[in-house]
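See structure below.
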């Protein structure tokens with residue numbers, strides 16, 4: 055039987071390309087058990103608050119939503135960031151709230167027998183979350199986990215991707231020595247992940263990998279195409295880049311890797327190869 059903490063660490067293994075060392079570290083049997091969880095799926099319908107909160111402010115409701123669903127005690131310190139914008143076509147302001155539980159991650163790691171190794175992996179697990187607030191419905195979603203390093207909070211941005219009339223949500227996060235970016239859109243009150251792309255990998259080694267993204271007019275719909283080029287990290291240092299607070303500065307090269315286009319029928323991005331869907 056594995057603990058909940060060890061389970062979240064194994065979840066990280068499932069999404070890593072360069073996981074050979076980690077597989078040996080945590081054990082093959084644990085991997086076979088934990089990989090049944092799909093950490094790349096993040097869809098959440100807007101749910102009403104469990105307790106009527108007509109007399110509470112937005113901040114009070116938000117705190118109740120976070121602490122209640124995540125069972126956070128009053129003594130725990132956690133950080134939040136609120137990003138406001140228009141995420142659908144109703145012309146009423148919405149919001150995205152990111153949540154980081156680094157203190158809780160450190161407490162959990164301290165209880166583990168292999169705490170030093172887990173710390174070196176950046177406190178991987180379900181310690182980063184986000185909440186979507188629908189302004190028209192005046193509802194907060196449940197906290198949605200993004201398995202990643204607790205050391206680096208989610209980097210949330212609102213960008214015009216699928217439409218110029220409203221914004222879409224993008225989230226950047228760190229998994230070990232790699233960085234990823236998720237794209238989400240709101241469809242009929244439901245938050246749907248439409249794309250995921252790697253931004254960089256192999257930080258701390260002599261052969262880092264980086265990618266540059268460009269948006270251009272959509273080839274089959276109004277949603278923008280996402281063109282991926284090989285990139286070069288201009289501020290790279292093998293020692294400094296191993297730190298989880300290192301932010302790579304990525305420069306575009308002339309090598310085009312792939313073009314992704316949005317398919318409105320399946321609400322996902324696809325590429326020239328029809329078998330490849332993100």
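Residue numbers (the working numbering): 55 to 332.
No residue lacks a Cβ here, since even glycine has one placed at the ideal position from N, Cα and C.
Mapping the DSSP letters down to three states, classify residue 184 as helix, strand or coil.
strand
Under 8 Å: do the segment 155–163 and the segment 126–137 share three or more Cβ pairs, one atom per stretch?
yes
Three-state secondary structure assigned by DSSP to residue 111
coil
Residue 121 - DSSP class collapsed to helix/strand/coil
helix
Short Cβ contact (8 Å threshold) for residue 212 with residue 223:
yes
Take the Cβ of residue 165 as the centre, count every other Cβ of all protein chains shown within 10 Å, and call the residue buried at 16 or more, exposed below.
exposed
Which residues in the same chain as residue 219 place their Cβ atom closer than 7 Å to its Cβ, once the five residues preceding and following it in sequence are excluded?
143
How do the segment 256–264 and the segment 175–195 stand: do at least 3 beta-carbon pairs fall below 8 Å, yes or no?
no
Give, in chain order, every unbroken run of the alpha helix (DSSP H) that is at least 4 residues long and sits entirely within the segment 249–323.
none
Anticipated Cβ contact below 8 Å, residue 266 with residue 304, distance rounded
6 Å
CB contact flag (residue 201, residue 183, <8 Å):
no
Inter-residue Cα distance where the pair is residue 348 and residue 206
Examination of residue 348 is not possible in this model, given that the chain is present from 55 through 332 alone.
Give the secondary structure of residue 167 by DSSP, where H, G and I count as helix, E and B as strand, and everything else as coil.
coil
On a Cα-Cα basis, can you pick out the residue from 296, 217, 309 that is closest to residue 233?
296
Taking the alpha-carbon of residue 291 as reference, which of 257, 308, 321 has the nearest alpha-carbon?
257
Comparing C-alpha positions only, which one of 117, 188, 111 sits nearest to residue 245?
188
Pop quiz: residue 325 and residue 317 are said to be a contact at Cβ under 8 Å. What is the actual Cβ separation, rounded to whole angstroms?
Between residue 317 and residue 325 the Cβ distance is about 10 Å, and since that is not below 8 Å, they are no contact.
So what does DSSP say about residue 156, is it helix, strand or coil?
helix
Closest to residue 120 by CA distance: which of 238, 197, 225, 248 is it?
197
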